[in-house]
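Student:
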């Protein structure tokens, strides 16, 4: 009895099967039909390396689309810590390279990231005022109780809350066109974002560190005001805006340090925070020779809010 699983006559000879695959009637080795190109991968990581965590975080913890072309999303990528960029009172910022080697036809890719890691409460030397977070709620009741009791879990949750608060702010502001670093991903207390360089491989200086020309000063202010307007249009104020929280990258400015972003209307002190932002920035520009009226700037931003 014939069966659909029996070899047909045309495949009764192993040599003939090989020729079918190769198209070479003279071939006598079936193995010639299959060619595998293997690439060895060195899985030994250095002490300052780890496999990319991109695919370990949930989809909502990855940067908004469309993503910049420099974002490395390959599973085979390796994160290499290159050093510390800034030590802060509540978080440290490290320089990280995320790179993947060329594999087959896929070219090598790499990008530099700023890795901001928030400390748990017992390791912080500074505590942000609770006035920043008025109106915010913790969704998980267990986390809320742990934070209230200041358990180890609660301290970890509190640190993570600041990381996720900054993550949410960066996502929202990036989409709105505010000049902020692109948020790459967030994982617990670690936030990875675009590294803002100085064009020569180093970190871009803070606005407080530069002495721009009168013309460039005007360019910086126009960008800053536009950014503050977009924040206000979203009903927000930076809450801690100063020349130390603005980077100067050539002719571009970038706002940083955003975990405390304040709802101007929802927060009882929202107007005060907005006014303080205006005062800080107007004072710096005025001291550099560009007369800025802080009350006029404040009124301009309020018009965006309402």
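In the working numbering, the protein residues as written are 411 to 716. C-beta atoms are modelled at their ideal positions from N, C-alpha and C, and glycine is treated no differently. This structure is a prediction, so every number in the text was calculated from the model and none was measured.
1) Name the two residues that bound the continuous beta strand (DSSP E) containing residue 468.
2) In whole angstroms, what is the alpha-carbon distance linking residue 627 and residue 455?
3) Counting beta carbon pairs with one atom in the stretch 618-636 and one in the stretch 600-607, are three or more of them shorter than 8 Å?
4) How is residue 516 classed by DSSP in three states: helix, strand or coil?
5) With distance defined between alpha-carbon atoms, name the residue in 493, 508 and 643 nearest to residue 502.
6) For the beta strand (DSSP E) that residue 455 lies in, which residues bound it at each end?
7) Please name the residue in 528, 516 and 698 whose C-alpha comes closest to that of residue 497.
8) Nearest-angstrom Cα distance between residue 700 and residue 463?
9) Report the residue from 582, 475 and 689 whose alpha carbon sits nearest the alpha carbon of residue 705.
10) How about residue 506 and residue 583: do their beta carbons lie closer than 8 Å?
11) Below 6 Å CB to CB, which residues in the same chain sit around residue 566 once its five sequence neighbours on both sides are set aside?
12) If residue 691 sits next to residue 708, beta carbons under 8 Å apart, how far is it from one beta carbon to the other, in whole angstroms?
13) Suppose you measure from the CA of residue 548 to the CA of residue 682; what does that come to, to the nearest Å?
14) Is it buried or exposed, residue 611, if we count other Cβ atoms within 10 angstroms and call 16 or more buried?
Tutor: From the atom records:
1) Taking the first residue of the chain shown as 1, we reach residue 468 at position 58. For residue 468, there is no enclosing beta strand (DSSP E), as DSSP gives it neither H nor E.
2) Numbered from 1 along the chain shown, position 217 holds the residue referred to as residue 627. Numbered from 1 along the chain shown, position 45 holds the residue referred to as residue 455. If you draw a straight line from the Cα of residue 627 to the Cα of residue 455, it is about 46 Å long.
3) The stretch 600-607 and the stretch 618-636 do not touch, with fewer than 3 CB-CB distances between them shorter than 8 Å.
4) Position 106 of the chain shown, counted from the start, is the residue given in the question as residue 516. It is a strand residue.
5) Translated into positions along the chain shown, residue 502 becomes position 92. Looking only at 493, 508 and 643, the smallest Cα-Cα distance to residue 502 is reached by 493.
6) Walking along the chain shown from the start, residue 455 turns up at place 45. Counting along the chain, residue 455 sits inside no beta strand (DSSP E), nor does DSSP assign it H or E at all.
7) Residue 497 sits at position 87 when you count from the first residue of the chain shown. Nearest Cα to residue 497 within the set 528, 516 and 698: 528.
8) Residue mapping note: residue 700 aligns to position 290 of the chain shown, counting from 1. Residue mapping note: residue 463 aligns to position 53 of the chain shown, counting from 1. For the pair residue 700 and residue 463, the Cα-to-Cα distance works out to about 45 Å.
9) Your numbering for residue 705 matches position 295 in the chain shown. When only C-alpha atoms are compared, the closest one is 689.
10) In the chain shown, the residue the question calls residue 506 occupies position 96. In the chain shown, the residue the question calls residue 583 occupies position 173. With respect to the 8 Å criterion, residue 506 and residue 583 are not classified as neighbours on the basis of their beta carbons.
11) On the chain shown, position 156 is the one that residue 566 refers to. With a pLDDT of only 46 at residue 566, under 50, the local geometry of the prediction cannot be trusted, and the value read off the model is given with reservation. Cβ within range, chain order: 530.
12) The residue labelled residue 691 in the question sits at position 281 within the chain shown. The residue labelled residue 708 in the question sits at position 298 within the chain shown. That belief does not hold up - the Cβ atoms of residue 691 and residue 708 are roughly 11 Å apart, past 8 Å.
13) If you number the chain shown from 1, residue 548 lands on position 138. If you number the chain shown from 1, residue 682 lands on position 272. The predicted position of residue 548 is uncertain, since its pLDDT is 46 and thus under 50; no value can be drawn from it.
14) Within the chain shown, numbered from 1, the residue matching residue 611 stands at position 201. It is exposed - the Cβ of residue 611 has fewer than 16 other Cβ atoms within 10 Å.
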